[in-house]
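Participant: Quick one: structure below, then a few questions.
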Amino acid sequence: MEKIFNNTQVAFSLKSDTELDRAYFLFKMINNQPLVRIGTAVTNFAIKTNLPVEGLIRATVFDHFCGGVNENDCITVVDKMFTKGVSSILDYSVEGKEEENQFDAALEMTLKTIEFAKERQAIPFAVFKPTGFGRLDLYEKVGAKQTLTQEEQAEWDRIAARFDHVCNVAHKNDVALLIDAEESWMQDAADDLVTAMMKKYNKEKAIVFNTLQMYRWDRLDYLKNLHEQAKTEGFYIGMKIVRGAYMEKENERAVEKGYPTPICASKEATDINYDTAILYMINHLDTMSIFAGTHNELSTYSLMNLMQEKGIKTNDSRIWFGQLYGMSDNISYNLAANGYNVAKYLPFGPVKDVMPYLIRRAEENTSVAGQTSRELTLIKTERNRRKGK
Ligand SMILES: Cc1cc2nc3c(=O)[nH]c(=O)nc-3n(C[C@H](O)[C@H](O)[C@H](O)COP(=O)(O)OP(=O)(O)OC[C@H]3O[C@@H](n4cnc5c(N)ncnc54)[C@H](O)[C@@H]3O)c2cc1C
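Numbering (the working numbering), first residue to last: 142 to 530.
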């Protein structure tokens, strides 16, 4: 496979010189680990004490990684990206809420994004996080098969009803719906809910998608077992395949509580697990749809190669590639330019509520050993190309 992701001209075709310079300084800043650590602490403090820092956050990290503070703000970005064939997934990125009215608000917001997706070719999926619809502790309790109090049972029934409501609307409107995966100790209960939804709404094709985190060594077996169930019960499987975002938390908790970590023994093991899951799904594409959520170039080339080997069209509706807005444009834009289906998660929400998301992005792009992050290298290459260097 030709190395198409090195083409920075295509990658940054939507960015003006000024925008590219802004991105350069942003990544230069977050490349510096002490600066990110101090910046995070100062920002958290400023937000808690109501200091007027929102403008500063908006002008820097927020506008780079988010589409806006509400769903309407995002439309300009959605339309702009789609001129280059890159689709969007509106992601309401408010995290860590614990109240019933907040869960209902997240449900309403997800329903609204389904409505948006129904009206726009540029938005092929809707998405939500299970903990957006209910308390993490309750997922954990249900997953561990502990007895619930009457109130807890009623609370759980409301979570299940939110899942059913949103999946039902997605199905009626023919909008595919991604459901994110989170910490392993809440995931069993979420998986059971999502499987029930697939069984109910994926009779004709994959509408409801679960997420498999392939840094977990048990996920390949999980996929194979689900496949057996799907064959017997007659439903399609939709799966977002990612590596997983909670590795440190998972390892720390396993040590603290004295159980074997659910995480693969090494990065290489996770990489192999990821590519094997993709291969398994490609081999069963008659009943499966894949959303490959990754910034890993090798895994992306590997899926492209598989498609070519098997004579699968680049724009086959059962295969999507996905990246996050503000990252890996070299993958997204070059995939789109070569005719593949690609969509970027476009986060939105009030500035202070998306801070946990923004901090994760900053940390992810911080270099540990002082080397330049990949994003920074790409931007540098493009700046030099434009200057004729
Ligand atoms: C569109 C999209 C949707 C996503 N949705 C979710 C989601 O629902 N849930 C979720 O948890 N994450 C999600 N993620 C994040 C994803 O799980 C990864 O954290 C992120 O994409 C980085 O992994 P990568 O495949 O891009 O590549 P890489 O940069 O090659 O891999 C980094 C990943 O490898 C794994 N890893 C690193 N070191 C080790 C080690 N020593 N041992 C074992 N494994 C290791 C970790 O998972 C780490 O995040 C999503 C990402 C995208 C792009």
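For each residue, glycine too, the CB sits at the ideal point set by N, CA and C.
Nothing here was measured: the structure is a model prediction, and the numbers come from that model.
#1: What is the C-beta distance between S469 and N172, in whole angstroms, given that I count them as a contact (C-beta under 8 Å)?
#2: Quick check: the region 287 to 295 against the region 226 to 243, are there 3 or more CB pairs under 8 Å?
#3: Is E523 near ligand 1, judged by its Cβ being under 8 Å from some heavy atom?
#4: Which of the three DSSP states is assigned to Y356 in this structure?
#5: At what residues does the beta strand (DSSP E) containing I300 begin and finish?
#6: Tell me, please, whether the region 464 to 484 touches the region 177 to 187 by the rule of three or more beta-carbon pairs shorter than 8 Å.
#7: Using 9 Å as the threshold, is the C-beta distance between V383 and T455 below it?
#8: Looking at ligand 1, does it come within less than 8 Å of Q294, judged from the CB to the closest heavy atom?
#9: Entirely within the region 451 to 492 and at least 3 residues each: give me those beta strand (DSSP E) ranges in chain order.
#10: Pick helix, strand or coil for M380, following the three-state DSSP scheme.
#11: Determine the contact status of L248 and V194, defining contact as a CB-CB distance below 9 Å.
#12: Can you tell me whether G463 is buried or exposed, with buried defined as 16 or more other CB within 10 angstroms of its CB?
#13: In angstroms with no decimal places, state the Cα-to-Cα distance between Y481 and Y498.
#14: So is the beta-carbon of M445 under 8 Å away from any non-hydrogen atom of ligand 1?
#15: List the whole-angstrom C-beta distance separating V219 from N475, where the pair is believed to meet the contact cut-off of C-beta under 8 Å.
#16: Assign F166 to one of two classes, buried (16 or more other C-beta atoms within 10 Å of its C-beta) or exposed (fewer than that).
#17: Enumerate, from N- to C-terminal direction, the unbroken alpha helix (DSSP H) stretches of 4 or more residues contained entirely within the region 254 to 287.
#18: How long is the line joining the alpha carbons of C215 and I300, rounded to whole angstroms?
#19: Here's a check: name, in chain order, each residue in its chain whose Cβ is nearer than 7 Å to the Cβ of G490, leaving out the five neighbours to either side.
Facilitator: On the basis of the coordinates in this document:
#1: For the purposes of this step, residue 469 is taken as residue 328 along the sequence shown, with counting starting at 1. For the purposes of this step, residue 172 is taken as residue 31 along the sequence shown, with counting starting at 1. Taking 8 Å as the upper bound for CB-CB distance, S469 and N172 are not in contact here, some 16 Å apart.
#2: No contact exists between the region 287 to 295 and the region 226 to 243.
#3: Residue 523 sits at position 382 when you count from the first residue of the sequence shown. False, no ligand heavy atom lies under 8 Å from that Cβ.
#4: As a first step, residue 356 is located in the sequence shown; it is residue number 215 there, counting from the start. Note: Y356 maps to coil in three-state DSSP.
#5: Counting from one through the sequence shown, the residue named residue 300 turns up at place 159. Segment Q291 to K313 is the alpha helix (DSSP H) holding I300; no beta strand (DSSP E) there.
#6: No: fewer than three Cβ pairs fall under 8 Å.
#7: Here residue 383 is taken as the residue at index 242 of the sequence shown, counted from 1. Here residue 455 is taken as the residue at index 314 of the sequence shown, counted from 1. No.
#8: Taking the first residue of the sequence shown as position 1, residue 294 is located at position 153. A distance criterion of 8 Å places the beta-carbon of Q294 beyond contact range of ligand 1, judged by its closest non-hydrogen atom.
#9: Unbroken beta strand (DSSP E) runs of no fewer than 3 residues, entirely contained in the region 451 to 492, are found at 460 to 465 and 483 to 489, following chain order.
#10: Residue numbering aside, residue 380 sits at position 239 when the sequence shown is read from its first letter. M380 falls in the strand class under three-state DSSP.
#11: Within the sequence shown, numbered from 1, the residue matching residue 248 stands at position 107. Within the sequence shown, numbered from 1, the residue matching residue 194 stands at position 53. Cβ distance not < 9 Å, so L248 and V194 don't count as in contact.
#12: Indexing the sequence shown from 1 puts residue 463 at position 322. It is buried - the Cβ of G463 has at least 16 other Cβ atoms within 10 Å.
#13: Indexing the sequence shown from 1 puts residue 481 at position 340. Indexing the sequence shown from 1 puts residue 498 at position 357. Distance between the alpha carbons of Y481 and Y498: 27 Å.
#14: Numbered from 1 along the sequence shown, position 304 holds the residue referred to as residue 445. Because no heavy atom of ligand 1 lies under 8 Å away, the Cβ of M445 does not count as near it: no.
#15: Here the question's residue 219 lines up with position 78 in the sequence shown. Here the question's residue 475 lines up with position 334 in the sequence shown. Actually they do not touch by this definition, with Cβ atoms about 20 Å apart.
#16: Translated into positions along the sequence shown, residue 166 becomes position 25. The residue in question, F166, is exposed, as its Cβ has fewer than 16 Cβ neighbours within 10 Å.
#17: Runs found: 277 to 284.
#18: Taking the sequence shown and counting its residues from 1, the one referred to as residue 215 is at position 74. Taking the sequence shown and counting its residues from 1, the one referred to as residue 300 is at position 159. Taking C-alpha positions only, C215 is separated from I300 by approximately 28 Å.
#19: Translated into positions along the sequence shown, residue 490 becomes position 349. The beta carbon of G490 lies closer than 7 Å to those of V210, Y233, S234 and V235 in the same chain, with the five residues before and after it left out.
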